[in-house]
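Protein sequences appear in the order of chains A and B. Numbers 1 to 347, taken from the working numbering, label the letters of the first sequence in order. Numbers 348 to 694, taken from the working numbering, label the letters of the second sequence in order. Yeah, the Cβ is synthetic: ideal placement off N, Cα and C, and Gly gets one too. Since the structure comes first, as structure tokens, the remarks are kept for the end.
Protein chains: 2
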Amino acid sequence: MTRRVKPEKSSAGLDDRKAAILEAVVREHIDTAQPVGSSAVATHGELAVSSATVRSEMVALEREGYLSQPHTSAGRVPTDKGYRYFVDHLQGGAVGPVTQQQIGDFFRTVRGEVEDVLSQTSTLLSRLTSYTSVVVGATQSFASILSAQLVNLDARHQLLVTVFADGSVTKHGVYLDHDVTPTDVAEASRQINALLIGTTVESRVQVPSGNDDVATLVRESVSVLHDQRPTREGEQVYIGGSSRVAEAFDGVETVRQVLTILEQELLVVSLIQDMIDQGVSVAIGSEHGFEPLASCAVVVAPLTVDGHPSGAVGLLGPTRMKYGEAMAAARAVSQELTRYLEGEPRV
Amino acid sequence: MTRRVKPEKSSAGLDDRKAAILEAVVREHIDTAQPVGSSAVATHGELAVSSATVRSEMVALEREGYLSQPHTSAGRVPTDKGYRYFVDHLQGGAVGPVTQQQIGDFFRTVRGEVEDVLSQTSTLLSRLTSYTSVVVGATQSFASILSAQLVNLDARHQLLVTVFADGSVTKHGVYLDHDVTPTDVAEASRQINALLIGTTVESRVQVPSGNDDVATLVRESVSVLHDQRPTREGEQVYIGGSSRVAEAFDGVETVRQVLTILEQELLVVSLIQDMIDQGVSVAIGSEHGFEPLASCAVVVAPLTVDGHPSGAVGLLGPTRMKYGEAMAAARAVSQELTRYLEGEPRV
DNA sequence: CCTGGCACTCAGTAGAATCGAGTGCCAACA
DNA sequence: TGTTGGCACTCGATTCTACTGAGTGCCAGG
Numbered sequence: 001m002t003r004r005v006k007p008e009k010s011s012a013g014l015d016d017r018k019a020a021i022l023e024a025v026v027r028e029h030i031d032t033a034q035p036v037g038s039s040a041v042a043t044h045g046e047l048a049v050s051s052a053t054v055r056s057e058m059v060a061l062e063r064e065g066y067l068s069q070p071h072t073s074a075g076r077v078p079t080d081k082g083y084r085y086f087v088d089h090l091q092g093g094a095v096g097p098v099t100q101q102q103i104g105d106f107f108r109t110v111r112g113e114v115e116d117v118l119s120q121t122s123t124l125l126s127r128l129t130s131y132t133s134v135v136v137g138a139t140q141s142f143a144s145i146l147s148a149q150l151v152n153l154d155a156r157h158q159l160l161v162t163v164f165a166d167g168s169v170t171k172h173g174v175y176l177d178h179d180v181t182p183t184d185v186a187e188a189s190r191q192i193n194a195l196l197i198g199t200t201v202e203s204r205v206q207v208p209s210g211n212d213d214v215a216t217l218v219r220e221s222v223s224v225l226h227d228q229r230p231t232r233e234g235e236q237v238y239i240g241g242s243s244r245v246a247e248a249f250d251g252v253e254t255v256r257q258v259l260t261i262l263e264q265e266l267l268v269v270s271l272i273q274d275m276i277d278q279g280v281s282v283a284i285g286s287e288h289g290f291e292p293l294a295s296c297a298v299v300v301a302p303l304t305v306d307g308h309p310s311g312a313v314g315l316l317g318p319t320r321m322k323y324g325e326a327m328a329a330a331r332a333v334s335q336e337l338t339r340y341l342e343g344e345p346r347v
Numbered sequence: 348m349t350r351r352v353k354p355e356k357s358s359a360g361l362d363d364r365k366a367a368i369l370e371a372v373v374r375e376h377i378d379t380a381q382p383v384g385s386s387a388v389a390t391h392g393e394l395a396v397s398s399a400t401v402r403s404e405m406v407a408l409e410r411e412g413y414l415s416q417p418h419t420s421a422g423r424v425p426t427d428k429g430y431r432y433f434v435d436h437l438q439g440g441a442v443g444p445v446t447q448q449q450i451g452d453f454f455r456t457v458r459g460e461v462e463d464v465l466s467q468t469s470t471l472l473s474r475l476t477s478y479t480s481v482v483v484g485a486t487q488s489f490a491s492i493l494s495a496q497l498v499n500l501d502a503r504h505q506l507l508v509t510v511f512a513d514g515s516v517t518k519h520g521v522y523l524d525h526d527v528t529p530t531d532v533a534e535a536s537r538q539i540n541a542l543l544i545g546t547t548v549e550s551r552v553q554v555p556s557g558n559d560d561v562a563t564l565v566r567e568s569v570s571v572l573h574d575q576r577p578t579r580e581g582e583q584v585y586i587g588g589s590s591r592v593a594e595a596f597d598g599v600e601t602v603r604q605v606l607t608i609l610e611q612e613l614l615v616v617s618l619i620q621d622m623i624d625q626g627v628s629v630a631i632g633s634e635h636g637f638e639p640l641a642s643c644a645v646v647v648a649p650l651t652v653d654g655h656p657s658g659a660v661g662l663l664g665p666t667r668m669k670y671g672e673a674m675a676a677a678r679a680v681s682q683e684l685t686r687y688l689e690g691e692p693r694v
């Protein structure tokens, strides 16, 4: 079968009219949550063709996997591939002035500790978009240490309290198998402080050898701080608007599944981190590989503070989410948040 | 109309048979989530009466507000008042050995910082009961201060880091309207530490007067620490198993409402705190005054560490929750958690 | 006071009929 | 060759009806 090459077809894309039709279908379906028929596209859209033409294009689009039919005699619904094409090609969206205003106002007036700001940011982003939002807080791997001290809880339990330049504070328990004197703890604390100030948790430092209590305490403390667990503990997750899940999906079962995922913060972090690492900003349907989230789309925007990757903001919605708005909002918030975090020293 | 006084009737209670019938209805309805009819009670239950008798008692129970009928030809469903009577009079339940075992295992093996333990406890409690669980962490109002130091972020921003005897650590930003020297900060830090060690955030301490930077820093720091905001910041909330909400209620709208409440942690804290303060352990339906939670029941058990009220554990479920199990589980977990928190110094 | 019996009520279900949005296909047309 | 109007067809959704049966309220007899 020889076949003439159609315009744009060979370049693995869609010709203009197909693209326009796909776009119309996606737009309409996002709006109405209903399958959209050929006449709706023909009437509503800007392309001056009849519904019959649209229909024949639609069968093509379906054959190529961009659309699907819930059943015969129904309209078409975009597939994940359809949404993907839409997102990749037909984008273009900035946040509206009102939203931009709200974001600006928020960061102009917000005060307090980083944790609170991140948490509130998550709420803000959720409110702006009507989707569930996720803010993954920075690790302090890059922040230099301002102070590290060992506090005596009792004879064999100490607490290592570390303050970082970004205003974050961590604590780690340091346990020994025998009692130590407060004097030794104080001395160890002094040495630890001297040793660690100015370094980061990624720096290697010279620890004292020796078997005396002070040296042991110092070694233990440094190692407990440097041993970031595989599930990096510097990362906090703030989930805002989880009730939006109940709005976005109609089946109670789907809602339950999505909530179950959201409960497992580690899962959420790694999902988002993976996306950031791979440089994608949208994952649609099962692109991210979590089956329970097959009916979801995730939008992320990275946070980069002083050149270091420092977490991300994300949005979770149904695959028929308003990608334009969501991506624009995520981007805007991540920018402003970045600026905020880079600006005034955060406390 | 003169009327003979029925047994137990005058004492604002229910006579034995009514109580038994009410109990049977509640039990059955909790089990099946369906309205329960007279024959089910007559057959299933232990009382040796016919369904006709049960029926006539049921109309009485309905007249008195313990039961209600969804519609004429349906069985009866307990009202909030019915559940209340059930909970108040017909209780009796301890956790099963398996559950007790799981709780024991958990606290025997769990390690880590208080926050993590509380968070995991919340997950545990939710898993044990299949309801959404809430753990409200202790305030440090009663814990004495082990260490307080001021860390220099930049010329006019300092961070007050305080370590408490219970292993908790807080940080507070201290801002001045002019620059201060690192030397002054160090000196202030020394003074603050000396001043605060051994006190609690509720103690009044003698702060230095004077207008020099050091004195100002000390005053600012002490006041920022003592000024617990009305929404006490020492309280952390850990919500476990929020996906259970989707299991407990069938209407998506109800799910959304409950989730919306759970998002507002302050609301949750104050709800639970109120219950604790008033000494109630179960709030059914609208007893707590939150209309959005009218279809919920809340079970709480206080945490009391070393004699001080230190938060609570709670469970949130539908009004037809398994009160016996839930209360027993909450009590058992709160006891074990208390023991854990009082035991090994917590880090 | 209890109980078996009986007429009655009414939500839920099943089946039949209908509706209509939307399709696929085709012949005619530009 | 691509586009279009027309047309028969499909099939989910909706409506209507009839029926079922769980459960009730009431009453007369024990």
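Query: Please decide whether A165 (chain A) counts as near chain B, where near means a Cβ-Cβ distance under 9 Å.; Result: yes
Query: For S68 (chain A), which residues does DSSP report across the bridge?; Result: A:V77
Query: Specify, as a first and last residue, the run of the beta strand (DSSP E) that Y585 (chain B) falls within.; Result: 584-587
Query: Could you list which residues in chain B have their beta carbon closer than 8 Å to that of G241 (chain A), in chain order?; Result: E610
Query: Scan the segment 480-499 of chain B for residues whose Cβ lies nearer than 8 Å to a Cβ of chain A and list them as they occur along the chain.; Result: L493, S494, Q496, V498, N499
Query: Give me the subset of the segment 189-214 of chain A whose CB atoms are less than 7 Å from a CB atom of chain B, sorted by chain position.; Result: none
Query: Taking the beta strand (DSSP E) that P318 (chain A) falls in, what are its first and last residues?; Result: 308-318
Query: Taking DSSP as the reference, what is the three-state secondary structure of K365 (chain B)?; Result: helix
Query: Is L125 (chain A) closer than 9 Å to V313 (chain A) when the C-beta atoms are compared?; Result: yes
Query: So the beta strand (DSSP E) I197 (chain A) belongs to, where does it begin and stop?; Result: No beta strand (DSSP E) contains I197 (chain A), which DSSP labels as neither H nor E.
Query: What does A186 (chain A) reach in chain B if we use C-beta pairs closer than 7 Å?; Result: Near A186 (chain A) there are no residues of chain B at all, since even the closest Cβ is about 11 Å away, more than 7 Å.
Query: When you check each C-beta in the segment 111-125 of chain A against every C-beta of chain B, which residues fall closer than 7 Å?; Result: E113
Query: Please report the straight-line C-alpha distance between P97 (chain A) and A246 (chain A), rounded to a whole angstrom.; Result: 28 Å
Query: Provide the residue(s) that pair with I145 (chain A) in DSSP beta bridges, ordered along the chain.; Result: A:F164
Query: Can you say whether E638 (chain B) is buried or exposed, counting buried as having 16 or more other CB atoms within 10 angstroms of its CB?; Result: exposed
Query: Count the other C-beta atoms from every protein chain shown that fall within 10 angstroms of the C-beta of F317 (chain A), then say buried if there are 16 or more, exposed otherwise.; Result: The residue you asked about is not Phe; residue 317 (chain A) is Gly in the sequence shown. Per the 10 Å Cβ criterion, buried.
Query: Decide if the segment 209-216 of chain A is in contact with the segment 93-109 of chain A; the criterion is three or more beta carbon pairs, one per stretch, under 8 Å apart.; Result: no
Query: Taking the C-alpha atoms as reference points, what is the distance between V565 (chain B) and V554 (chain B)?; Result: 7 Å
Query: In terms of residues, what are the limits of the beta strand (DSSP E) holding T685 (chain B)?; Result: T685 (chain B) -> not in any beta strand (DSSP E); alpha helix (DSSP H) instead, spanning 670-689.
Query: Can you tell me whether DSSP reads T231 (chain A) as helix, strand or coil?; Result: In this prediction, T231 (chain A) scores a pLDDT of 47, lower than 50, which makes its location untrustworthy; no coordinate-derived value is stated.
Query: According to DSSP, D501 (chain B) sits in a beta bridge with which residue or residues?; Result: B:H504
Query: Whole angstroms is fine: what's the gap from E567 (chain B)'s alpha carbon to G167 (chain A)'s?; Result: 18 Å
Query: Apart from the five residues just before and just after V205 (chain A), which ones in its own chain have a Cβ nearer than 8 Å to its Cβ?; Result: L195, L196, T199, V222
Query: I need the boundaries of the beta strand (DSSP E) containing A40 (chain A), first residue and last residue.; Result: No beta strand (DSSP E) holds A40 (chain A); the alpha helix (DSSP H) holding it covers 38-44.
Query: Measuring alpha carbon to alpha carbon, tell me which of A:K81, A:R111, A:Q149, A:V174 ends up nearest R458 (chain B).; Result: A:V174
Query: Does the CB of A593 (chain B) have a neighbour CB from chain A at under 9 Å?; Result: yes
Query: So with CB distances below 8 Å, who are the chain A contacts of G626 (chain B)?; Result: Residues of chain A passing the Cβ test: none, with the nearest at roughly 31 Å.
Query: Excluding the five sequence neighbours on either side, which residues of its own chain have a C-beta within less than 7 Å of the C-beta of V652 (chain B), listed in chain order?; Result: A485, T685, L688, E689
Query: Does any residue of chain A bring its CB to less than 9 Å from the CB of G520 (chain B)?; Result: yes
Query: So which residues of chain B does R256 (chain A) contact, with C-beta pairs closer than 8 Å?; Result: S590, A593, E594
Query: In whole angstroms, what separates the C-alpha of G289 (chain A) from that of G654 (chain B)?; Result: 50 Å
Query: Please name the residue, chosen from A:V26, A:A60, A:D177, that lies closest to D15 (chain A) on a Cα-to-Cα basis.; Result: A:A60
Query: If you draw a straight line from the alpha carbon of G429 (chain B) to that of T132 (chain A), how long is it in whole angstroms?; Result: 38 Å
Query: Which chain B residues are close to T260 (chain A), counting only those with a beta carbon under 8 Å from its beta carbon?; Result: S590
Query: Just to make sure I have the definition right: I need the residues of chain A whose C-beta is within less than 9 Å of the C-beta of V599 (chain B). Which are they?; Result: A246, E247, F249, D250, G251, V252, V255
Query: Mind checking L315 (chain A): buried by the 16 CB within 10 Å criterion, or exposed?; Result: buried
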